[in-house]
Structures are given as C-alpha cells and as structure tokens.
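Quick note on my numbering: the sequence shown kicks off at 20 and runs consecutively. Down below is the structure, laid out as structure tokens.
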Amino acid sequence: MVTQTMTVKAAIDRLPSVKQFLDEAVGPEFRFLLPKVELAVEELLVNTAGYAYGGSEGEAEISCGQISFDGRPYLKISLRDWGRPFDPFGQAPEPDTAADLSARPVGGLGVFLVKKLVSHYYYEYDGTNRIELFFGPPDI
20 MVTQTMTVKA
30 AIDRLPSVKQ
40 FLDEAVGPEF
50 RFLLPKVELA
60 VEELLVNTAG
70 YAYGGSEGEA
80 EISCGQISFD
90 GRPYLKISLR
100 DWGRPFDPFG
110 QAPEPDTAAD
120 LSARPVGGLG
130 VFLVKKLVSH
140 YYYEYDGTNR
150 IELFFGPPDI
C-alpha cells in the first residue's frame with residue numbers, strides 16, 4: 020500500500036472530499052476499518068477547522084498508508100495543520116461519561132471517541148500540529 024496524501028482547506032465543507040480521498044486511499048486489506056477511519060478523521064478535522072487557525076483560513080493535510088508494529092500491519096492516518104499548537108489527546112478535557120446526559124455539556128466527546136476508535140495515537144508539534152492514528156487488524 021503506497022502512502023497517499025491530500026491537502027485541503029481546513030473547513031467543514033471539505034469533509035466530503037476528504038471522505039472520498041479515504042475511500043480511494045484505504046487499501047482492500049483495511050476496508051473493514053473505513054467507517055472508523057472516516058469518523059476519527061472527521062472529528063479531528065472539525066476540531067482543526069474550528070480552532071487551529073483562530074477564525075482565519077488554513078490548510079490541513081491528510082495522509083493514508085501502512086506501517087507494521089511487531090510484524091502486524093496497521094493502517095496509518097496522519098493529519099497535519101499549520102495552526103496554533105494544540106495536542107487534542109493531552110489538552111482536551113476528559114468528558115464525564117458517568118454524568119447524567121442532561122448534566123453534560125454539548126460537545127466534548129470527539130477526542131474521547133477518537134481514542135476509542137484507534138489502536139494507537141500520537142501527537143507532535145514540530146512547527147506544525149501532527150497527529151498520527153493507527154488502526155490495527157482485529158485480534159486473532
């Protein structure tokens with residue numbers, strides 16, 4: 020599986036083109052993961068569109084490829100933006116999932132959901148925000 024990359028305007032209205040990219044880029048061995056991949060990428064791109072650039076326009080880059088950990092194949096999705104530094108995995112508040120639904124604030128579950136969908140995740144700021152998501156094969 021060759022790594023493929025696309026760059027889009029960091030805007031919610033670009034989600035259909037991102038989903039089309041993922042549909043074409045995810046190889047047949049990982050097709051069963053596509054709904055999880057699309058949901059995780061959508062959640063993170065919505066955050067990028069809303070917060071990374073402080074209301075001004077910016078770009079997001081999405082890459083799709085394969086990597087192996089301990090001899091097992093994983094689908095690797097990378098997201099990058101040039102907005103202000105923000106580690107969603109370390110800085111986003113943990114939602115209180117035990118609270119009554121009526122007592123919970125609207126929103127705030129996106130990053131929590133992404134963490135549940137992936138096998139591994141990684142964030143780094145190297146002049147850009149870089150997130151890597153790893154989706155593993157089902158356990159045998």
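Ideal placement from N, C-alpha and C gives every residue a C-beta, glycine not left out. As the structure is a computational prediction, the values presented were derived from the model and not from experiment.
In the three-state reduction of the DSSP assignment, Thr147 falls in the coil class.
For Phe88, the enclosing beta strand (DSSP E) covers residues 78-88. Rounded to the nearest angstrom, the Cβ distance from Asn148 to Pro104 is 6 Å, consistent with a contact under 8 Å. The C-alpha of Lys95 is placed about 19 Å away from the C-alpha of Asp145.
Shortest Cα-Cα distance from Ile86 to any of Glu62, Val45, Lys28, Ala59 involves Val45.
Val27 has Ala79 as its beta-bridge partners, per DSSP. Around the beta carbon of Asp32, a 10 Å sphere encloses fewer than 16 other beta carbons of the protein chains shown; the residue is thus reported as exposed.
A straight-line Cα-Cα distance of about 16 Å links Pro47 and Lys38.
Residue pairing by DSSP places Tyr140 opposite Leu152 in a beta bridge. With a threshold of 16 other beta carbon atoms within 10 Å, Arg50 falls short and is exposed.
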